[in-house]
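Trainee: Counting with my numbering, you get residues 2 to 203 for the letters of the sequence shown.
We put the beta carbon where it would ideally sit given N, CA and C, even for glycine.
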Amino acid sequence: MDSPPRRLVVGITGATGAVYGVRLLQQLRRLGGIHTHLVVSAAGWLSLRAETGLHRRQVEELADEVHAIGDVAASIASGSFPGIGMVVAPCSMKTLASIALGLSDNLLARAADVCLKERRRLVLLARETPLNLAHLRNMTLVTEMGGVVMPPLPALYLRPRSIEEMVDHGLGRVLDQFGLEHDLAPRWTGWPGPDGVHEPPA
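#1: With a threshold of 7 Å on Cβ separation, who are the neighbours of glutamine 178 within its own chain once the five nearest residues in sequence on each side are excluded?
#2: If you measure between the beta carbons of alanine 110 and isoleucine 100, is that distance less than 7 Å?
#3: Enumerated in chain order, which unbroken segments of the alpha helix (DSSP H) with a length of 4 residues or greater are wholly contained in the segment 77-112?
#4: Let me confirm a value: alanine 186 is counted as buried when at least 16 other C-beta atoms fall within 10 Å, else exposed. Which label applies?
#5: Figure out for me which residue from Leu49, Arg50, Asn107, His36 has the closest Cα to the Cα of aspartate 72.
#6: By how many angstroms is the C-alpha of alanine 43 removed from the C-alpha of proline 6?
#7: Alpha carbons only, please: which of His170, Gly180, Leu9 is nearest the one belonging to valine 67?
#8: Report the partner residues of isoleucine 70 according to the DSSP bridge assignment.
#9: For the segment 79-92 against the segment 55-65, are there 3 or more C-beta pairs whose distance is under 8 Å?
Written as structure tokens, this is what we have:
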């Protein structure tokens, strides 16, 4: 008997970097075995349109289930909802603050709060620069509660040839947080010598 698909909540906020949320949904569908629940903030829809050119329906079609930001009675608002966790990609500083303070003022923040209280994996692709003291303190609070703050920073040592490669490598690290197998980026195996052979450590 086949095991049921694992459930993962994907949140998208108004911070720049909407492509991370879109590519995450696309890659999860390609990999299979994950049932995605999408929730997008009002500002998130604006960023998605501005940065990706996608219409709302196009984004919603990438997820298995879609929930309205104001639907605090949705399944993902309850700790009894089974799932492996949640990714907020990207995560605005407003959403970060709401999660850090446990406000649960919309479905996205509530779903994140559920992950923290149920000790499930919560990964926040926090997007802002430079950071002020409030941002840093909120990141500390979330980390102390068990969340993972993972700013989407490019791995330039891989010499990416496109924005897509940079995004996919970052998302590969996100999937690693959930123990999900992927082929989004090569694994680092050591520094190659001049003949292409990896040199042993000194």
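Mentor: In short, the structure shows the following:
#1: Arg122, Val124, Val149
#2: yes
#3: 94-101
#4: buried
#5: Asn107
#6: 29 Å
#7: Leu9
#8: For isoleucine 70, which the question treats as bridged, DSSP gives no partner whatsoever.
#9: no
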